[in-house]
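In the order they appear, the protein sequences are chains G and V. Counting in the numbering used here, the first sequence runs from 671 upward without gaps. Counting in the numbering used here, the second sequence runs from 671 upward without gaps. Where is the CB? At the ideal position from N, CA and C, for every residue including glycine. Here the structure is laid out as structure tokens; the discussion comes afterwards.
2 protein chains.
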Amino acid sequence: MASQNNNPKQELDPKSKLEMLGKSIVEDIKYGKNPKFVTIARTRSNIIYDQKSGFLKLGKAQEERTFINVAQSKRFMQTMAVAAKCHKFLKEGLHTSIRGLFYQLKYSLGEDIDESIFSEQSESNPLIEDLEVALSLKREDLNLNANRKGVLAGKMKVIDKSGGEEVTIDCSKMGRSGWAIPSDVDNNIEFVDVKANYVLVVEKDALWQRLNEDNFWKKENAILITPVGQAARGTRRLIRKLADMGLPIYVFTDSDAWGWYIYWTIKTGSINLAYIGNDVATPEAKFIGVSLSDLDRYEFLNKLTIKASDIDLKRAQEMLNYEWIKKHKEWVNELERMIKTKKKLEQDALQGPSLTFVDQYIKEKISNKEFLP
Amino acid sequence: MASQNNNPKQELDPKSKLEMLGKSIVEDIKYGKNPKFVTIARTRSNIIYDQKSGFLKLGKAQEERTFINVAQSKRFMQTMAVAAKCHKFLKEGLHTSIRGLFYQLKYSLGEDIDESIFSEQSESNPLIEDLEVALSLKREDLNLNANRKGVLAGKMKVIDKSGGEEVTIDCSKMGRSGWAIPSDVDNNIEFVDVKANYVLVVEKDALWQRLNEDNFWKKENAILITPVGQAARGTRRLIRKLADMGLPIYVFTDSDAWGWYIYWTIKTGSINLAYIGNDVATPEAKFIGVSLSDLDRYEFLNKLTIKASDIDLKRAQEMLNYEWIKKHKEWVNELERMIKTKKKLEQDALQGPSLTFVDQYIKEKISNKEFLP
């Protein structure tokens, strides 16, 4: 397997990697061979949970894409077209979205060939993943922006060199807004003066705003992030990078199916992004709450639970089967408790007794090290 | 009708308005009268399009909420509970979301009464609207944050006094991220040094990022906003405020049902927010594109159209009936053209010939004043 860490190609810059791919295809043609490139299978059977590293990644199964193959030639040609466009974007130093790429392809291929082969955007996405895996890089490295979501506040600075002018953004001086986390947090950007004891990831923007208003991050010396629900690629990647700086990562979500999913996606990665698991998963992350076991400790929460939905219950049952979850007895207890009591708890409920109680809750959890694994 | 502009109550601060409401209720009780307050009906029949001002607003129909009334007493009591909580938030100087308010009510009412009357969040929303209308203010003035969405870049500064410390954010130095537009753009916040010729509102964040990377706002001296799809309350309000500063507002969306809806919501307001139409609608806004008439001018776009969905076609038919749309022959032409050709056009298609073509398109439209009304 071309592990994401041991691949010699990783030392090359993305543009050179694309050129190497192009040259190898041209060589194949020159020597009368069937043009091909190798990628790693992203089929379900090749997505594994790696016990040792603690995240979802691709296994060893390789797949060859060849041109002279009735089943593959269209896809092969499309991938080459995507690679050529990305090479152009890198040369121009310009970024676009997958939708922008789609229209560039539709525009230029429409001139050379009769039928438009990129009639639907869904066709282009797997091709980009093919390239990401074959070249051991992320689409952001190919100047393709993914959807972004999430904001951050705390004592750190961002040096953003993306425009003509380098700017320094002080994330401790962003008022009620916070710094909007971009799609690409790796290229032409630096994070400096990170002066924090830990990172707190808060599922809901409303709670982030509550904590930000209380200057929680300043008092606690924390980096305060909200992914605004499920974390986008850029936010997952940034959390990984902050963990790499040695900061503990604490995740604070609802105690329901969606909240748990947000946590486990940050921690172990996801099926869809298993091919870049090493870049986006943060197995060191810990779950701070809210948990159903909080009901034993904070009496008032018992009157603030709400009814678990059928989706919550179904999902809890499924999670009991995941090997990376069922090995933790604390999580088995949580899941079984929801299934038994049919109750769930939202993080917003902590605002019941007073708007600032949520601050106290988090501080208690952290100082007592009361985390779920 | 208590017009949003002529209401003498508007001169009072929100806290005093709530106190006046409370005092009048107490007076009613003291003199043996049935406690009551007056609001404006938000029923469909009382939502009107005001030709003169050019936006959707409430009509004159008033509604009385009284306590001694089997159909209303529960709602009346709930509204008073909401008012009391908001008064507390204002005294504390703290903000929360409607969800936070819901849990505060659930927590405190649960102590005094047997059954929890706020079992569902949907119950609290109409009560808050009742208060907003009765007091002629917005929920943001009651320290209730709404969902926020949208970013901005351009030559202007934000002075945000919400935290302990006043911060100045330079929206021309926010790199790839932009300044995240908050829920409340009225209280403890100022917009200064606004040095722009116009405001460009771009439906999609991906296009905003494209234009931001090109330093479009710097070259054109524009304020570049994306609402990221449908504009949130804060973004609509900010657009209104920028228009009040004398800046032309140009809106740039897809040429499909969703894009048109985004435009018309910014321009005329919406049914749901008709009760604050004066604060969030911007009738001065003009539509820059993309339009189906662009197909006649930019030949290449003809191969980049996509099939209109049934929803697009149904919605186009409906829009032909709206009095504020059907009066413009240019819009009737657009709508009829979609219905006839069953084609739509995305703003991303402008990236077909080159990633920077979108810059040229906008500049041409503006310098030729080619807008739809």
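Can you tell me the Cα-Cα spacing of residue i and residue j, whole angstroms?
i: Ser794/G; j: Glu954/G; result: 34 Å
i: Ile941/V; j: Lys755/G; result: 44 Å
i: Gln879/G; j: Gln742/G; result: 50 Å
i: Asp884/G; j: Pro897/V; result: 27 Å
i: Lys700/G; j: Tyr945/G; result: 32 Å
i: Asp949/V; j: Lys727/V; result: 10 Å
i: Thr975/G; j: Lys889/G; result: 30 Å
i: Asp720/V; j: Lys703/V; result: 37 Å
i: Ser1024/V; j: Asn739/G; result: 32 Å
i: Arg906/V; j: Gly729/G; result: 48 Å
i: Val1028/V; j: Ser963/V; result: 16 Å
i: Asp982/G; j: Val960/G; result: 15 Å
i: Trp849/V; j: Ser847/G; result: 7 Å
i: Val871/G; j: Gly899/G; result: 10 Å
i: Leu1020/G; j: Glu762/G; result: 50 Å
i: Leu801/V; j: Arg735/V; result: 11 Å
i: Asn1038/V; j: Glu836/V; result: 42 Å
i: Leu775/G; j: Lys722/V; result: 47 Å
i: Glu1040/G; j: Lys1010/G; result: 23 Å
i: Arg1007/G; j: Arg745/V; result: 35 Å
i: Thr1026/G; j: Asp980/V; result: 48 Å
Regarding residue i and the ligand ZN, is the C-beta to nearest heavy atom distance less than 6 Å?
i: Leu814/G; result: As far as ligands go, the structure on display features none, and thus does not contain the ligand ZN.
In chain G, which residues lie less than 8 Å from residue i when you measure between Cβ atoms?
i: Phe970/V; result: Tyr777
i: Arg907/V; result: Within chain G, no residue comes near Arg907/V; the closest Cβ sits about 14 Å away, beyond 8 Å.
i: Asp875/V; result: Asn817, Arg818
Is the Cβ-Cβ distance between residue i and residue j less than 7 Å?
i: Thr838/G; j: Ile829/G; result: yes
i: Ile958/V; j: Ala901/V; result: no
i: Thr709/G; j: Val821/G; result: no
i: Gln748/G; j: Leu812/G; result: no
i: Gly904/V; j: Arg809/V; result: no
i: Ser767/V; j: Ala927/G; result: no
i: Leu1005/V; j: Met989/V; result: yes
i: Gly929/V; j: Glu873/V; result: yes
i: Gly834/G; j: Tyr773/V; result: no
i: Tyr920/G; j: Lys956/G; result: yes
i: Leu688/G; j: Ala753/G; result: yes
i: Ser853/V; j: Ala816/V; result: yes
Just to confirm my understanding: we take residue i, look at its own chain, exclude 5 residues before and 5 after, and list those with CB closer than 8 Å. What are they?
i: Gln1030/V; result: none
i: His998/V; result: Leu1042, Pro1043
i: Leu917/G; result: Val864, Ala866, Asn867, Tyr868, Val869, Ile893
i: Leu814/V; result: Cys756, Phe759, His765, Thr766, Ser767, Ile768, Leu771, Ile798
i: Met826/V; result: Cys841, Ser842, Phe861, Val862, Asp863, Val864, Lys865, Ala866, Ile893
So which residues of chain V does residue i contact, with C-beta pairs closer than 8 Å?
i: Val821/G; result: Ala850
Residues of chain G with CB closer than 7 Å to the CB of residue i, please, in chain order.
i: Val708/V; result: Simply none; closest approach about 30 Å.
i: Asn885/V; result: Gly833, Gly834
Can you pull the chain V residues whose beta carbon is under 7 Å from the beta carbon of residue i, in chain order?
i: Asp839/G; result: Looking at the sequence provided, one finds Ile at residue 839/G rather than Asp. Correct list: Met844, Gly845.
i: Asp982/G; result: Chain V residues near Asp982/G: none, gap ~17 Å exceeds 7 Å.
Short of 6 Å in beta carbon distance, which residues of its chain neighbour residue i, apart from the five on each side in sequence? Order them along the chain.
i: Glu1034/V; result: none
i: Glu1016/V; result: Asp924
i: Glu733/V; result: Thr709, Ala711
i: Thr938/V; result: Phe725, Leu726, Ala951, Trp994
i: Lys1062/G; result: Nothing about residue 1062/G can be read from this structure; chain G reaches only from 671 to 1043.
i: Ser778/G; result: none
i: Lys1012/G; result: Ala978
i: Tyr933/V; result: Val921, Thr923, Phe957
So residue i contacts chain V; which residues on that side make the cut at Cβ distance below 9 Å?
i: Gln774/G; result: Gln1021, Gly1022, Pro1023, Ser1024, Leu1025
i: Arg880/G; result: Leu764, His765, Thr766, Ser767, Gly770, Asn815
i: Leu974/G; result: Tyr773, Lys776, Tyr777, Gly780
i: Asp1029/G; result: Neighbours of Asp1029/G on chain V: none; closest Cβ ~11 Å, over 9 Å.
Tell me which residues share the same chain as residue i and place their Cβ nearer than 7 Å to its Cβ, disregarding the 5 neighbours each side in the sequence.
i: Gly824/G; result: Cys841, Ser842, Ala866, Trp887, Ala892, Ile893, Leu894
i: Met844/G; result: Ala823
i: Asp1002/G; result: The question names Asp, yet the displayed sequence has Val at residue 1002/G. Leu990, Lys996.
Just the chain G side, please: which residues come within less than 9 Å of residue i by C-beta, in chain order?
i: Asp1018/V; result: Thr766, Ser767, Arg769, Gly770, Phe772, Tyr773
i: Asp964/V; result: Here the premise fails: no neighbours, minimum Cβ distance about 14 Å.
i: Asp924/V; result: In chain order: nothing, as chain G lies at least about 11 Å away.
Any contact of the segment 711-726 of chain G with the segment 683-694 of chain G, i.e. 3+ C-beta pairs under 8 Å? Per the Cβ contact rule, the segment 711-726 of chain G is not in contact with the segment 683-694 of chain G (fewer than 3 Cβ pairs under 8 Å).
Would you be able to state if there are at least three C-beta pairs under 8 Å between the segment 814-831 of chain G and the segment 851-864 of chain G? Contact between the segment 851-864 of chain G and the segment 814-831 of chain G is present: 3 or more CB-CB pairs across the two stretches fall below 8 Å.
Below 8 Å, how does it come out for the segment 902-911 of chain V and the segment 960-969 of chain V: are there three or more Cβ pairs, yes or no? In short, these stretches do not touch, since the Cβ pair count stays below three.
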